[in-house]
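What follows is one structure encoded as structure tokens, with my remarks underneath.
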Amino acid sequence: SIILGAVGAIGQKNIKRLLAYSSINNVGFMLVGLAAGTQQGVESVLTYLLVYMVTTLGAFLVVLQLRDADGNHVESIPALAGLSQRRPGLAAAMAVFLFSLAGIPPLFGFWPKYLVFEAAVNANLVPLAVAGIVASVIGAFYYIAIIKTMYFDDKSETEFPAGGGAIVEDAVITASALWLSVIGYLFIPVLAVVSASAAAVLF
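Just so you know, the sequence shown maps onto residues 549 to 751 in the working numbering.
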């Protein structure tokens, strides 16, 4: 699942399909934690699931706000070229979500991946952890490629009119992006207590 999701996303030009492959990839990471067969592994999966849900929610809300001048949804990744100049806030939020999905520190998406790999290593599943790290590197490549398109490629012909997003959507995107920044690390003690309590039910 880890490798399938990572490899399947390579070369994708449709951002929704890429996020779908990303989901397969992330399910694989959660299975790594479960494969550890320990309470630590289950705790890591619960933390991973929560952070992943917030990240994916934010990313899909951004995608839903990507509309051209005619109001049509824009799903083509090349069409996002220059988005940082047309919709800087939306591009910045998407960059946070993508970097977090990639597990790149210091964003909070790094933390659950670290916990999953730590649980696997402690359960002597080093080869599985190594496979996960390799898949993470592959995944980081296509996430960063989207960010490059938004920030460094020449503007596409697609116009992205300002506004158009519901207030609730904008609020959720902003809150999610902030939580996935370094601010998220402030919640580690709370997440640790909640995940430990939930995992204890199984052990």
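Beta carbons are placed, not taken as given, at the ideal position from N, Cα and C, and that holds for glycine.
Among the options, the one whose alpha carbon lies nearest that of residue i
i, options, result
"Gly680", "Asp616, Gly713, Pro660 and Thr722", "Pro660"
"Ala668", "Gly687, Leu631, Tyr691 and Gln587", "Gln587"
"Ser764", "Val749, Gln560 and Ile695", "Shown here, the chain extends from 549 to 751; a query on residue 764 therefore has no answer."
"Arg635", "Ala746, Val622 and Leu614", "Leu614"
"Ala643", "Tyr690, Ala671, Phe577 and Val590", "Tyr690"
"Phe665", "Ser684, Pro654, Phe647 and Leu649", "Ser684"
"Lys564", "Asp701, Val611 and Ala714", "Val611"
"Ile736", "Val716, Gly687 and Leu663", "Leu663"
"Ser745", "Pro675, Glu591, Tyr733 and Ser571", "Glu591"
"Ile721", "Phe645, Ala748, Val742 and Val622", "Phe645"
"Leu631", "Ser648, Leu598, Ala710 and Ser743", "Ala710"
"Ile706", "Val716, Leu567 and Ala617", "Reading off the sequence, residue 706 comes out as Thr, not Ile. Closest by alpha carbon: Ala617."
"Leu609", "Tyr569, Ala719, Ile695 and Leu673", "Ala719"
"Gly585", "Ile686, Ala607, Asn672 and Val599", "Asn672"
"Ala740", "Ile686, Val599, Ser571 and Ile694", "Val599"
"Gly619", "Ile686, Leu734, Gly713 and Val749", "Gly713"
Own chain partners of residue i with C-beta closer than 6 angstroms, once the 5 adjacent residues on each side are dropped
i, result
"Leu628", "Thr697 and Met698"
"Ala760", "As shown, the chain starts at 549 and ends at 751. That puts residue 760 outside it, with no answer to give."
"Ser743", "Glu591, Leu594 and Thr595"
DSSP bridge partner residues for residue i (one or two, in chain order)
i, result
"Asn562", "Ser624"
"Arg615", "His621"
Spatial neighbours of residue i in its chain, beta-carbon cut-off 7 angstroms, leaving aside the 5 residues before and after
i, result
"Phe751", "Gln587"
"His621", "Leu614 and Arg615"
"Ala747", "Gln587, Val590, Glu591 and Leu594"
"Leu676", "Val580, Ala583 and Ala668"
"Ile652", "Phe658 and Ala688"
"Asp702", "Ala629 and Gly630"
Interface flag, residue i vs chain B, CB-CB below 9 angstroms
i, result
"Gly581", "You won't find chain B in this structure, because it holds only one protein chain."
C-alpha gap between residue i and residue j, whole angstroms
i, j, result
"Phe708", "Val593", "37 angstroms"
"Val678", "Leu605", "28 angstroms"
"Gly732", "Phe577", "20 angstroms"
"Leu655", "Asn562", "25 angstroms"
"Thr595", "Val575", "13 angstroms"
"Phe700", "Ala640", "13 angstroms"
"Ala723", "Glu717", "10 angstroms"
"Leu567", "Leu638", "17 angstroms"
"Leu597", "Val674", "22 angstroms"
"Ile692", "Ile715", "28 angstroms"
"Thr603", "Gln633", "23 angstroms"
"Ile694", "Val738", "33 angstroms"
"Ile686", "Val749", "35 angstroms"
"Leu734", "Val682", "28 angstroms"
Residues of its chain near residue i, where Cβ-Cβ distance is below 8 angstroms and the 5 sequence neighbours each way are ignored
i, result
"Ser704", "Pro626, Ala627, Leu628, Ala629 and Gly630"
"Asn670", "Ala584, Thr586 and Gln588"
"Ala607", "Leu567, Met642, Phe645, Leu646 and Leu649"
Whether or not the stretch 716-734 and the stretch 578-587 are in contact is what I'm after, with contact meaning three or more pairs of Cβ atoms, one per stretch, closer than 8 angstroms; do they touch?
no
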